[in-house]
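**Q** When we follow numbering that gives the first Met the number 0, the leftmost residue of the sequence shown carries the number 0, and every step to the right adds one.
Positions of the beta carbon are idealized from the N, C-alpha and C atoms, including for glycine.
The structure presented is a predicted model; accordingly, all values stated were derived computationally and were not measured.
For reference, the structure I am asking about is given below.
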Amino acid sequence: MVRASVQAGSDDYELIANALYDTMPMTMDGIFTDLNSLDYIDFTKPWWNAPFMEMTNYYGKNYACIGELSQSMIAGTFVMFFHKDLFKLYYPDDPSLYETVLSGGWTLDKLISYCTPMYQDLNGDGKANEGDLYGHYFTKAHTLGTDSYLGGCNIRLMSQDGAGNYVYEGLSERTASFFEKMEKLLFESNNTAMFDYNNDEIMTTMKNNQTIFTAWMLSGIELLRDMKSDFGIIPMPKLDESQKDYHTFAHDGSSAFAIPTTEEDPNRPAARRAAETYRTVTPA
Numbered sequence: 000m001v002r003a004s005v006q007a008g009s010d011d012y013e014l015i016a017n018a019l020y021d022t023m024p025m026t027m028d029g030i031f032t033d034l035n036s037l038d039y040i041d042f043t044k045p046w047w048n049a050p051f052m053e054m055t056n057y058y059g060k061n062y063a064c065i066g067e068l069s070q071s072m073i074a075g076t077f078v079m080f081f082h083k084d085l086f087k088l089y090y091p092d093d094p095s096l097y098e099t100v101l102s103g104g105w106t107l108d109k110l111i112s113y114c115t116p117m118y119q120d121l122n123g124d125g126k127a128n129e130g131d132l133y134g135h136y137f138t139k140a141h142t143l144g145t146d147s148y149l150g151g152c153n154i155r156l157m158s159q160d161g162a163g164n165y166v167y168e169g170l171s172e173r174t175a176s177f178f179e180k181m182e183k184l185l186f187e188s189n190n191t192a193m194f195d196y197n198n199d200e201i202m203t204t205m206k207n208n209q210t211i212f213t214a215w216m217l218s219g220i221e222l223l224r225d226m227k228s229d230f231g232i233i234p235m236p237k238l239d240e241s242q243k244d245y246h247t248f249a250h251d252g253s254s255a256f257a258i259p260t261t262e263e264d265p266n267r268p269a270a271r272r273a274a275e276t277y278r279t280v281t282p283a
């Protein structure tokens, strides 16, 4: 609809809000305005997603943006949920996970160390399957769990060189280290329960007191309202302690915003209330 409208020269839309995975391929079609050319946008402000704007800056131009205008970006941010009661039960002498996070020690290795001794054959059938106790849950029905760990470990498969060209970075020591650690987490020592639970069922093992950790979008909190035990939310783990900051990805279904080239006054939709959303809607 958007392509057809703009290519026909119509001004049906002054502002487009659409999923990232749909919007970004369209930015190379010549139908969106360069947002960096407008008067009322400053992408250094905290209500814009700065890493996204940097990565999608194409030779000095940005044709789509994402930030606090998109509440789906907030809901789609990947975090680590943890079962507070199970953690206290099995690790009573360890510092709280919040303390570990604040000290900078929340890493993939730390997560693996908590998961490795956890497995118990609760249903007594001699097999690692549903009904047993694990440290970690990871859905085998979807790839979103992988997105969450890539983001947390700051694994960038693409970067830009000094000239603005995109460069593939998948074959690096950092990426190799990431895959080695994920191999341990997912496939060794029964660290991880891997079942088909997904989307609305993603928190099943946590609610059933069968796992401590589940990585999912922040929207997963809606699925825990009826959970009897206490739970917490922390960042995704870092690759290692040499990684300075905690990072995360947002789901690519989050809304990106663009202005069609057929809009006669692009500064008008550019002045929408991203800043007020940041100040009032997100905190609420």
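#1: Would you grab the beta carbon distance between TYR167 and LEU184 for me? Rounded to a whole angstrom, and I think it's under 8 Å.
#2: Taking Cβ positions, are TYR245 and TRP46 nearer each other than 8 Å?
#3: Enumerate in chain order the residues of its own chain whose CB-to-CB distance from ARG267 is below 8 Å, with the five nearest sequence positions on each side excluded.
#4: If we call anything under 8 Å between Cβ atoms a contact, is THR210 one with TYR89?
#5: If we count the other Cβ atoms within 10 Å of its Cβ and call it buried at 16 or more, is SER254 buried or exposed?
#6: Could you tell me if PRO259 is buried or exposed, where buried requires 16 or more neighbouring beta carbons within 10 angstroms of its beta carbon?
#7: Which whole-angstrom value is the C-beta distance of MET235 and MET79, which I expect to be below 8 Å?
#8: Restricting to runs no shorter than 3 residues, where is the beta strand (DSSP E) found entirely within the stretch 113 to 194?
#9: What residues match up with TYR57 in a beta bridge as DSSP calls it?
#10: Which ranges does the alpha helix (DSSP H) cover as unbroken runs of at least 4 residues, wholly within the stretch 236 to 271, from first to last along the chain?
#11: What do you reckon, are the CB atoms on THR247 and THR76 nearer than 8 Å?
#12: Return the residue from the list GLY163, THR174 and PHE212 that minimises the CA-CA distance to TYR57.
#13: What number of angstroms, rounded off, separates the C-alpha of ASP199 from the C-alpha of ALA140?
#14: First and last residue of the alpha helix (DSSP H) that includes MET23?
#15: Kindly indicate which three-state DSSP category ALA283 falls into: helix, strand or coil?
#16: How long is the line joining the alpha carbons of ILE111 and GLU263, rounded to whole angstroms?
#17: Going by the DSSP bridge assignment, what does MET79 pair with across the sheet?
#18: State the Cα-Cα distance for the pair GLY104 and ARG272, rounded to the nearest angstrom.
**A** So, to answer that:
#1: In the sequence shown, counting from the first residue as 1, residue 167 sits at position 168. In the sequence shown, counting from the first residue as 1, residue 184 sits at position 185. Wrong, their Cβ atoms sit about 25 Å apart, outside the cutoff.
#2: Within the sequence shown, the letter at position 246 stands for residue 245. Within the sequence shown, the letter at position 47 stands for residue 46. For TYR245 and TRP46, no; Cβs fall outside 8 Å.
#3: Here residue 267 refers to the residue found at position 268 when the sequence shown is read from its first residue. Taken in chain order, the residues that qualify are GLU13.
#4: In the sequence shown, residue 210 corresponds to position 211, counting from 1. In the sequence shown, residue 89 corresponds to position 90, counting from 1. No, the Cβ-Cβ distance between THR210 and TYR89 is not below 8 Å.
#5: In the sequence shown, residue 254 corresponds to position 255, counting from 1. Classification for SER254: buried.
#6: The residue you call residue 259 lines up with position 260 of the sequence shown. Buried: at least 16 other Cβ atoms inside 10 Å.
#7: In the sequence shown, residue 235 corresponds to position 236, counting from 1. In the sequence shown, residue 79 corresponds to position 80, counting from 1. About 6 Å separates the two Cβ atoms, so the contact holds.
#8: 157 to 159 and 165 to 167
#9: Mapped onto the sequence shown, residue 57 falls at position 58. BP columns for TYR57 point to LYS60.
#10: 266 to 269
#11: Working through the sequence shown from its first residue, we reach residue 247 at position 248. Working through the sequence shown from its first residue, we reach residue 76 at position 77. Cβ distance < 8 Å, so THR247 and THR76 count as in contact.
#12: Counted from its first residue, the sequence shown places residue 57 at position 58. If we check each option's Cα against that of TYR57, GLY163 comes out closest.
#13: Here residue 199 refers to the residue found at position 200 when the sequence shown is read from its first residue. Here residue 140 refers to the residue found at position 141 when the sequence shown is read from its first residue. Each residue's alpha carbon lies about 12 Å from the other.
#14: Your numbering for residue 23 matches position 24 in the sequence shown. Where MET23 is concerned, the enclosing alpha helix (DSSP H) stretches over 19 to 25.
#15: Within the sequence shown, the letter at position 284 stands for residue 283. Looking at ALA283 - three-state DSSP - the assignment turns out to be coil, as it is neither helix nor strand.
#16: As a position in the sequence shown, residue 111 is number 112, starting the count at 1. As a position in the sequence shown, residue 263 is number 264, starting the count at 1. One C-alpha to the other measures close to 55 Å.
#17: Locating residue 79 in the sequence shown gives position 80, where the first residue counts as 1. Paired residues: ALA214 and ILE233.
#18: As a first step, residue 104 must be located in the sequence shown, where it is residue number 105. As a first step, residue 272 must be located in the sequence shown, where it is residue number 273. Straight-line Cα distance between these residues: approximately 38 Å.
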